[in-house]
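For reference, the structure discussed in these notes is given below.
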Amino acid sequence: MSEGQSSSAARFHSVETAAPENTAVAEQPIAVFRGPQQPATNIAEKVKALESLLTQAAGEFDSIALASSLAAEDNVLFDVIARLKLNIRVFSLNTGRLHQQTLDVAPALQAKYGQTVQWFEPLHEAVETYVNTKGRDAFYESTALRKECCGIRKVEPLARALKGAKAWVTGQRQAQAATRATLPVREFDADRRIEKFNPLADWSEADVWTYIRQYDVPVNKLHFEGFPSIGCEPCTRAITIGEDIRAGRWWWEDPTSKECGLHNANLKSN
Ligand code: SF4
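According to numbering that gives the first Met the number 0, the sequence shown is numbered sequentially starting from 0.
Okay, structure coming up:
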């Protein structure tokens, strides 16, 4: 168990952000966050299948990378890659708007596994132009402006991170969002013309946390403060009881269109 897990509070307060006026959900009272505290599930078969899939993928593609958001799911994948010493590069996108708690995960992983996370950052000029012409937090004003910001801070760096890769791996799960309900374990990423693996597609949130406890995987401390899904700080808030676990991402937008552009196929298949 990483530092902070055992002592973490199970209760949380909504996050204060410079959010738009549609913050009714964020203003609801304290709620119990159950993610990390969920009961254990029997994951033996799923772990076997996960190890087998990643081993097969690493053998099949000589250039394959895990796109890690440093969230719980991605750290499960990191653990398997490190334990089995698989030739899968791990990178993360530093959008410039991440929580410090998210940035702190990379050194924690390096300390445990001796394996680094490669960072990719947005192009400075593109960020500068957006900030100066639209406003630093213009993403609250419209979905178009939000997607433009995600395009600059996430999609373009992802394209550079995947340059030359023949396949990539993500920590997406079907249960995470309406846009991911039919997510396959393996698919062809038509946008990038490379293979894409979603090895945790059929894992539940409880499966993920069972794995994290069993294998003592370092995790983002925000998971213990009501954040099951973590993106950029101004676009992520803690969730409340009964909410979809992606409800804290771009909460002012229609849930059926909430993807940042990294996984557009999820929108096309809905
Ligand atoms: Fe910009 Fe928000 Fe997208 Fe991050 S999540 S890139 S801050 S719009």
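C-beta: ideal position from N, C-alpha, C; glycine also.
By a C-beta neighbour count over all protein chains shown, 10 Å radius and 16 as the cutoff for buried, is Thr209 buried or exposed?
-> buried
Answer yes or no: the CB of Lys153 versus the heavy atoms of ligand 1, is any distance below 6 Å?
-> yes
Is the closest heavy atom of ligand 1 to the C-beta of Gly247 under 6 Å?
-> no
To the nearest angstrom, how far is it from the Cα of Ile117 to the Cα of Gln213?
-> With the sequence shown as reference, residue 117 is identified as Gln, and Ile is not the correct amino acid for it. So the alpha carbons of these two residues sit roughly 26 Å apart.
Just to confirm, does Gly230 get its C-beta within under 6 Å of one of the non-hydrogen atoms of ligand 1?
-> yes
Please determine, among Ser51, Ala205 and Ala39, the residue with the shortest C-alpha to C-alpha distance to Ile244.
-> Ala205
For Thr209, name the three-state secondary structure that DSSP assigns.
-> helix
Rounded C-beta distance between Asp78 and Val216? I'm assuming under 8 Å.
-> 5 Å
With a CB to CB cut of under 7 Å and the five nearest residues on each side skipped, what residues in its chain are close to Leu97?
-> Cys231 and Glu232
Does DSSP classify Gln4 as helix, strand or coil?
-> The predicted position of Gln4 is uncertain, since its pLDDT is 37 and thus under 50; no value can be drawn from it.
Any chance the CB of Thr94 is under 6 Å from a heavy atom of ligand 1?
-> yes
Going by beta carbon distance, what residues of the same chain come within less than 6 Å of Glu120, once the five residues before and after it are set aside?
-> Asn93
How many whole angstroms separate the CB atoms of Thr169 and Lys195, which I take to be in contact at a CB cut-off of 8 Å?
-> 7 Å
Determine, using beta-carbon pairs with one atom in the segment 98-116 and one in the segment 69-85, whether at least three such pairs fall under 8 Å.
-> yes
Whole-angstrom C-beta distance between Val89 and Ser68, which should lie under 8 Å | Not really, about 11 Å apart at Cβ, beyond 8 Å.
Neighbourhood of Leu161 by C-beta, 8 Å cutoff - its chain only, sequence neighbours within 5 removed | Ala64, Ala66, Trp167, Arg191 and Ile193
Val207 beta carbon less than 7 Å from that of Val46 = no
Which residue from Asn41, Glu72 and Asp188 puts its Cα closest to that of Ala164?
-> Asp188
Could you check what DSSP says for Trp251 in three-state terms: helix, strand or coil?
-> coil
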